[in-house]
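These notes concern the structure reproduced below.
2 protein chains.
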Amino acid sequence: MSAAVETAIPQVQRPFARAAVIGTGHIGSSLIRAMRRVGAAREIIGFDASEAVRQRLGELAIVDSVAHDIATAVGGADLVVVATPLGAYKAVAEAIAPHLAPGTIVTDTGSVKRPAMRDIAPAIPQGVHLVPGHPIAGTENSGPDSGFAELFQGRWCILTPIASTDPDAVERVAAIWRAAGSMVELMDPDHHDQVLAITSHLPHLIAYTIVGTATDLEEHLKAEVIRYSASGFRDFTRIAASDPVMWRDIFLNNRDAVLEMLGRLYEDLAILQRAIRVGDGETLEAHFTRTRAIRRGIVEAKQA
Amino acid sequence: MSAAVETAIPQVQRPFARAAVIGTGHIGSSLIRAMRRVGAAREIIGFDASEAVRQRLGELAIVDSVAHDIATAVGGADLVVVATPLGAYKAVAEAIAPHLAPGTIVTDTGSVKRPAMRDIAPAIPQGVHLVPGHPIAGTENSGPDSGFAELFQGRWCILTPIASTDPDAVERVAAIWRAAGSMVELMDPDHHDQVLAITSHLPHLIAYTIVGTATDLEEHLKAEVIRYSASGFRDFTRIAASDPVMWRDIFLNNRDAVLEMLGRLYEDLAILQRAIRVGDGETLEAHFTRTRAIRRGIVEAKQA
C-alpha cells in the first residue's frame, strides 16, 4: 500500500501506549493488522501459547515485538486483548492478573460472551476495566497467516460491558472497532449468546454434522460428493472447515442456548420431513416461500 | 462484449437447426444465453407457461422468437430442452409429443433424474431421442432476468441416458454443455438421485428448515438474526432463497433418497447433541477436525 493511501485512513484519536494481543490466530492477527493500520496503539505486543505461532508471528513482522511469556506480554500494557479459544480464558485471566496495572483495559473477541464474565471478570484486579467484545467476522481459515486488516470492515462488533463498567473504557474499545470499519453495538451478554446461538452456533453445528454424514457415506458415493458439491453442499463445507478447537469451546460454553435452538429446529424439520413423506407439496411450497423473505431482509441490511 | 472476443468463443460443430426451450427461468434462460454464445442452434425458440415470463423473454431479446403455445414452440424443432419444474414434466411431455418430428432430441435440466424417465419417456414417440440432463449450477435467483451465459462454466453436467439411447444424440447434447463450459459425465439416473440427495437436496432441506426456525423466533430476536447474519446464518439464507416451486418438486420427486439421508443426519446430530449436553469436548473436536478434510478435497477439486 502506498504512503498516500495510508495517510487517508482515519486514525484512532486517543491511541493506547502499549497493546498486548494474547492469541494471534485468525482473529487476533487480523485485529493486530487493523490496529496498526488505524494507529490504535503506539506499540503492539503479540503472544500466543503455541511456539510455532509465535515464531510465525515474528516472521510476519506485524507486531512491534513477540513476547515469549504471557507476563512479559501484558506487563506495561494499557490494553490487553484476549483472542484465544474460550477454553483458555480462565488460565489466561489468572496468568495476566498479577501483571495488570491500574487503569488497563482488558477486552476479548470470543463468540460467546458469558465466559468473559465467568472466567475473566473474577480474576481482574480492582481498577482494571473489562470490556468484553465479539467481532462478527471471520473466515474458515486459521492461524496468523490467514488474518487481514479488512476483515472487520462493514461487520458488526458487539460489546457486552456490565452496567458498572467505566463508559470511557467502553468508548476507547469501541473506537478501535469503529476505526477498523465495524459498526459497534452494546448488548447484554446473555442476550448476545442467545442471538448467536441461532445465527451462528446452530448453523455451524448443522454444517459440521452434514459434512460428517457425507464423509461416512459408502466409498462409491464419497468421491462424488466432492465432485458435485457445487449443488449446495460446498457452502456447508466452508462453514464446517472452521477452527475445531474454537468451535469445540463455543459449543461447550453456549450449551443451553444451542440445545434450545436445536430443539426448535428438530420440531420444524419433523414438519417438513412429514410433508415430504406424505407428498404434501403445499406445506413445502409455503415454507420455502416464507424463507425467501428473510434473505431479502439480509440483502437489504447489507450483510449478504 | 466486443465482436473480437465473441469470435474467439469455440462454436458447436454440428449446430441444431431449431432449438425449443420450454421453461425460461433461471436455468432455461441461462442455457438460451449460453447456446446463442456457442452457436448451438441456428434458431432458438422460447416458451414459458407464464405469460409474464414470455413477455419479459421477448423484451430481453435473447431468443429468435417467443412462442405463445407449446405446440408452436416445438413444431419443427430438432432439439427440445425441458427446463420447467419437475411437477410440470408429465403435462409438458404429453403436450409436446404429438408435435415432435422423428430424429428430434429431447433433453431436460431437472435436479432429479427419475422423473424424466417416469414422466417424459413414456410419452416420447418412436424415433425421438430422450437424453435427460442435469447441469449442477444455479444461483438463488429466479426468472429470465437472473440467467447468464457463464452460469455453467467450470461446473459439472450429468447426463443420464439409458443403454438403448442413440450415442450420437447423447454426444450432441454433451457438445452443447461442453461448449457452455461444463464438464460432462454420464450416470445411472438412480445413482444420480442418491448423490444429489446428499450434496444438494439435504443441504437445501436443512437450510430451509433453519431459516424457517429463525423466522419463528420471538420478535426481539428476529431483527437481530438479520443484523448479525454474517456469523454463519447468511450462507443458509442464500440457499433457502432458492425457487420454492422448483424445490417443492425436487423433494416430492426424490423422497426416498432424501428421507434416507435425513435419517443418517439425525443419527449423527444426536451424537453431537449428546457431546454438547454432557460436555464431551473430545468428541466435538475430533468430529470438527474430520470435516475440515472434506473441504480441502472440494478446494482441490476446484469446486469451491
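The listed protein sequences derive, respectively, from chains V and E.
Numbered per the working numbering, the first sequence finishes at 751, counting up by one with no gaps.
Numbered per the working numbering, the second sequence finishes at 751, counting up by one with no gaps.
Built from N, CA and C at the ideal position, the CB exists for glycine as well.
* **Among V:Pro691, V:Glu714, V:Ala722, V:Pro579, nearest to Asp663 (chain E) - alpha-carbon criterion** => For this step, residue 663 (chain E) is matched to residue 216 along the second sequence. Nearest of V:Pro691, V:Glu714, V:Ala722, V:Pro579 to Asp663 (chain E), Cα basis: V:Glu714.
* **One or two residues paired with Val620 (chain V) in a DSSP bridge** => Numbered from 1 along the first sequence, position 173 holds the residue referred to as residue 620 (chain V). Per DSSP, none; premise fails for Val620 (chain V).
* Asked: Are any of the Cβ atoms in chain E nearer than 8 angstroms to that of Ser676 (chain V)?
  -> Position 229 of the first sequence holds residue 676 (chain V). Cβ-Cβ to chain E under 8 angstroms: yes for Ser676 (chain V).
* **the segment 495-503 of chain E / the segment 548-568 of chain E touching (three or more Cβ pairs under 8 angstroms)** => no
* Going by DSSP, which residues form a beta bridge with Val528 (chain V)? -> Reading the first sequence from its first residue, position 81 is the one you call residue 528 (chain V). Note: Val528 (chain V) sits in a beta bridge opposite V:Val468, V:Thr554.
* **CB contact below 8 angstroms: Glu597 (chain E) versus chain V** => By 1-based counting over the second sequence, the position of residue 597 (chain E) is 150. It does not: the Cβ of Glu597 (chain E) has no partner Cβ on chain V nearer than 8 angstroms.
* **For Ala535 (chain V), three-class secondary structure by DSSP** => For the purposes of this step, residue 535 (chain V) is identified with residue 88 of the first sequence, where counting begins at 1. Three-state DSSP puts Ala535 (chain V) in a helix.
* To do: Following the continuous alpha helix (DSSP H) through Ile474 (chain V), name the residue where it begins and the one where it ends.
  => By one-based count along the first sequence, residue 474 (chain V) stands at place 27. Looking at the DSSP string, the run of the alpha helix (DSSP H) that includes Ile474 (chain V) is 473-485.
* Asked: Is there at least one Cβ from chain E nearer than 8 angstroms to Gly679 (chain V)'s Cβ?
  -> Here the question's residue 679 (chain V) lines up with position 232 in the first sequence. It does: the Cβ of Gly679 (chain V) has a partner Cβ on chain E nearer than 8 angstroms.
* Excluding five sequence neighbours on each side, which residues of the same chain lie with their C-beta closer than 7 angstroms to the C-beta of Arg484 (chain E)? -> Within the second sequence, numbered from 1, the residue matching residue 484 (chain E) stands at position 37. For Arg484 (chain E), where only same-chain residues beyond five positions count, the Cβ hits under 7 angstroms are Ile456, Ala596.
* To do: Compute the distance between the beta-carbons of Ser593 (chain V) and His473 (chain V), then report whether it is under 8 angstroms.
  => Looking up residue 593 (chain V) in the first sequence gives position 146. Looking up residue 473 (chain V) in the first sequence gives position 26. Yes, these two residues count as a Cβ contact at 8 angstroms.
* Asked: Under 8 angstroms between C-beta atoms, does Gly470 (chain V) make it to chain E?
  -> Looking up residue 470 (chain V) in the first sequence gives position 23. Taking Cβ atoms only, chain E never reaches closer than 8 angstroms to Gly470 (chain V), which makes this a no.
* **Neighbour list for Glu671 (chain E) in chain C, Cβ cutoff strictly below 8 angstroms** => Chain labels in this structure do not include chain C; the protein chains are V and E.
* Measure from the C-beta of Trp624 (chain V) to each C-beta in chain E and report whether the shortest distance is under 8 angstroms. => For the purposes of this step, residue 624 (chain V) is identified with residue 177 of the first sequence, where counting begins at 1. It does not; no Cβ of chain E falls within 8 angstroms.
* For Pro582 (chain V), which residues does DSSP report across the bridge? -> Walking along the first sequence from the start, residue 582 (chain V) turns up at place 135. Pro582 (chain V) is bridged to V:Cys604.
* His651 (chain V) versus chain E: which residues are under 7 angstroms apart at the beta carbon? -> On the first sequence, position 204 is the one that residue 651 (chain V) refers to. Going along chain E in sequence order, the residues near His651 (chain V) (Cβ under 7 angstroms) are Gly679.
* To do: Leaving out five residues on either side along the sequence, give the residues of the same chain with a beta carbon under 6 angstroms from the beta carbon of Gly505 (chain E).
  => For the purposes of this step, residue 505 (chain E) is taken as the residue at position 58 of the second sequence. Cβ within range, chain order: Val513.
* To do: Using a Cβ cut-off of 8 angstroms (strictly closer), state whether Pro591 (chain E) contacts chain V.
  => The residue labelled residue 591 (chain E) in the question sits at position 144 within the second sequence. Not closer than 8 angstroms to any Cβ of chain V, the Cβ of Pro591 (chain E) fails to qualify, so no.
* If we cut at 8 angstroms on Cβ distances, does His515 (chain E) have a partner in chain V? -> Locating residue 515 (chain E) in the second sequence gives position 68, where the first residue counts as 1. No, His515 (chain E) does not count as interfacial toward chain V.
* **Neighbourhood of Ala570 (chain E) by C-beta distance below 7 angstroms, restricted to the same chain and skipping five residues each side** => For the purposes of this step, residue 570 (chain E) is taken as residue 123 along the second sequence, with counting starting at 1. If we look at Ala570 (chain E) and ignore the five residues flanking it on each side, its Cβ neighbours are Ala540, Glu541, Ala544.
* Asked: Just how far apart, CA to CA, sit Asp613 (chain E) and His576 (chain E)?
  -> By 1-based counting over the second sequence, the position of residue 613 (chain E) is 166. By 1-based counting over the second sequence, the position of residue 576 (chain E) is 129. Cα to Cα, Asp613 (chain E) sits roughly 7 angstroms from His576 (chain E).
* How many angstroms separate the CA atom of Gly728 (chain V) from the CA atom of Leu699 (chain E)? -> Position 281 of the first sequence holds residue 728 (chain V). Position 252 of the second sequence holds residue 699 (chain E). Taking the straight line from one Cα to the other gives about 7 angstroms.
* Mind reading off the beta-carbon distance from Arg619 (chain V) to Arg461 (chain V)? Whole number of angstroms is fine, and I expect it under 8 angstroms. => As a working note, residue 619 (chain V) is residue 172 in the first sequence. As a working note, residue 461 (chain V) is residue 14 in the first sequence. At roughly 6 angstroms, the Cβ-Cβ gap stays under 8 angstroms, so Arg619 (chain V) and Arg461 (chain V) are in contact.
* **Coil, strand or helix - Ser587 (chain E) by DSSP** => Residue 587 (chain E) sits at position 140 when you count from the first residue of the second sequence. Note that residue 587 (chain E) corresponds to Glu in the displayed sequence, not to Ser. Looking at Glu587 (chain E) - three-state DSSP - the assignment turns out to be coil, as it is neither helix nor strand.
* To do: Mind checking which residues open and close the alpha helix (DSSP H) that includes Gly505 (chain V)?
  => Locating residue 505 (chain V) in the first sequence gives position 58, where the first residue counts as 1. Looking at the DSSP string, the run of the alpha helix (DSSP H) that includes Gly505 (chain V) is 498-507.
* Compare the C-beta of Gly628 (chain E) against all C-beta atoms of chain V and say whether one is closer than 8 angstroms. => On the second sequence, position 181 is the one that residue 628 (chain E) refers to. Not one chain V Cβ lies under 8 angstroms of Gly628 (chain E).
* Asked: Is Leu664 (chain V) helix, strand or coil when you go by DSSP?
  -> Within the first sequence, numbered from 1, the residue matching residue 664 (chain V) stands at position 217. In this structure, Leu664 (chain V) counts as coil in the three-state DSSP scheme.
* Asked: For Val692 (chain E) versus Glu732 (chain V), is the C-beta spacing smaller than 8 angstroms?
  -> Counting from one through the second sequence, the residue named residue 692 (chain E) turns up at place 245. Counting from one through the first sequence, the residue named residue 732 (chain V) turns up at place 285. Contact: yes.
* Do you know how far the Cα of Ala563 (chain E) is from the Cα of His581 (chain E)? -> Here residue 581 (chain E) refers to the residue found at position 134 of the second sequence. Here residue 563 (chain E) refers to the residue found at position 116 of the second sequence. For His581 (chain E) and Ala563 (chain E), the distance between alpha carbons rounds to 11 angstroms.
* Give the interface partners of Val705 (chain V) over in chain E, defined as CB-CB distance under 7 angstroms, in chain order. => As a first step, residue 705 (chain V) must be located in the first sequence, where it is residue number 258. Per Cβ cutoff of 7 angstroms: Ile723.
* Asked: Ends of the alpha helix (DSSP H) at Gly523 (chain V)?
  -> On the first sequence, position 76 is the one that residue 523 (chain V) refers to. No alpha helix (DSSP H) contains Gly523 (chain V), which DSSP labels as neither H nor E.
* Pick helix, strand or coil for Ala740 (chain V), following the three-state DSSP scheme. => Looking up residue 740 (chain V) in the first sequence gives position 293. In the structure shown, Ala740 (chain V) sits in a helix (DSSP, three-state: H, G or I).
* **Residues in the segment 718-742 of chain V having any Cβ partner in chain E nearer than 7 angstroms** => Leu719, Gln720, Ile723, Arg724, Gly726, Gly728, Leu731, Glu732, His734, Phe735, Thr736, Arg737, Thr738, Arg739, Ile741, Arg742
* Cα-Cα separation, Glu666 (chain E) to Val672 (chain E) -> Residue 666 (chain E) sits at position 219 when you count from the first residue of the second sequence. Residue 672 (chain E) sits at position 225 when you count from the first residue of the second sequence. Whole-angstrom Cα-Cα distance: 10 angstroms.
* Asked: With Gly475 (chain E) and Ala530 (chain E) assumed to form a contact (beta carbons below 8 angstroms), what rounded beta-carbon distance in angstroms separates them?
  -> Along the second sequence, one-based indexing puts residue 475 (chain E) at 28. Along the second sequence, one-based indexing puts residue 530 (chain E) at 83. The Cβ separation is near 3 angstroms, so the contact holds.
* Neighbourhood of Ile741 (chain V) by C-beta, 6 angstroms cutoff - its chain only, sequence neighbours within 5 removed -> Residue 741 (chain V) sits at position 294 when you count from the first residue of the first sequence. Cβ neighbours of Ile741 (chain V) beyond the five flanking positions: none.
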